[in-house]
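Note sheet for the following structure.
Numbering (our numbering), first residue to last: 4 to 338.
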């Protein structure tokens, strides 16, 4: 990979569990615990995993809706890597938000019901002090045309309740892209939409990424969506990234037991096809003060004494650009 646009190093976010109003808590939820990855210019990285693994927390940390407990989030700015996690002050935050935006999961909750489409999409331009009122009107109309809300004049002064779910999400995409960001966090942007319109929204996002040279962190629990949208996929489990690879490499040659279990759970539209059931045990563990051993150890079908006596395995290269956090990544999962 060339110079990374975004580089995450050892990112952690701990949430305290309050036990008393008069005593600080010693217990913490390790929502994100030592996460590292890179995203190149124009690249889309999919972050996948089951609910509660920390995917959305990573996204909120990267747009500074949450402050990191520790670690660095480096963003390329004219050849220099600026630590997002360390910036503060209104001017610095405003400059950062010019380059980094977010598309939220629920288009019914992410739009202010009292604001028109024009007010919603133009707000980032107003906050950033970009252009005159006439320029802003032209820019908003341009973005509405780009996201398929045409003719733009018929949508400018509608309110969210007058739009369908797909139209609302197109407005949210226009709002995120109106200030020409270089990086966008998309937190399951199609999961709340009807299946019939998901593909059109995904195609729209892919086309806009290519036309505007935007990089995505695409958060999803759906491997089929990740395959369609992303150049690479990172698999997350209980606050840790356990495998990263190019999309087709990861889907055809998974190395971590958890990744294999995820793939085994994907429905196949062929009633004659049979395949082994994933042999993982129990349910997801609690993320409260976890032991330093492998996070997947209680469910892993191939765990050994080495796994039980060693720290959580680091991400190590097991092939070209294929990183795996497992001491036994080459061992077959029993059928």
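No residue lacks a Cβ here, since even glycine has one placed at the ideal position from N, Cα and C.
{"Asked": "Alpha helix (DSSP H) segment containing residue 172, residue limits", "Found": "168-180"}
{"Asked": "Proximity test, residue 44 beta-carbon vs the ligand HEM heavy atom, cut-off 6 Å", "Found": "Absent from the structure shown: the ligand HEM. Ligands present: none."}
{"Asked": "8 Å contact criterion, which residue 191 and residue 108 should meet: CB distance rounded", "Found": "4 Å"}
{"Asked": "Those runs of the beta strand (DSSP E) which lie wholly inside the stretch 79-117 and span at least 3 residues", "Found": "83-86 and 103-106"}
{"Asked": "Exposure of residue 36, with buried meaning 16 or more beta-carbon neighbours within 10 Å", "Found": "buried"}
{"Asked": "Check whether residue 327 and residue 258 have beta carbons under 7 Å apart", "Found": "yes"}
{"Asked": "Inter-residue Cα distance where the pair is residue 47 and residue 233", "Found": "5 Å"}
{"Asked": "3 or more residues per run - each beta strand (DSSP E) lying fully within the stretch 216-275", "Found": "218-223, 235-240 and 243-249"}
{"Asked": "For residue 331, the first and last residue of its enclosing alpha helix (DSSP H)", "Found": "Careful: residue 331 lies outside any alpha helix (DSSP H) and carries neither H nor E."}
{"Asked": "Among 141, 97 and 147, nearest to residue 131 - alpha-carbon criterion", "Found": "97"}
{"Asked": "Residues that DSSP places opposite residue 289 in a beta bridge", "Found": "Its beta-bridge partners do not exist; DSSP assigns none."}
{"Asked": "Through-space distance from residue 70 to residue 31, alpha-carbon basis", "Found": "15 Å"}
{"Asked": "Helix, strand or coil at residue 7 [DSSP, three-state]", "Found": "coil"}
{"Asked": "Minimum C-alpha distance to residue 143 - residue among 330, 111, 100 and 180", "Found": "180"}
{"Asked": "As assigned by DSSP and simplified to three states, the class of residue 321", "Found": "strand"}
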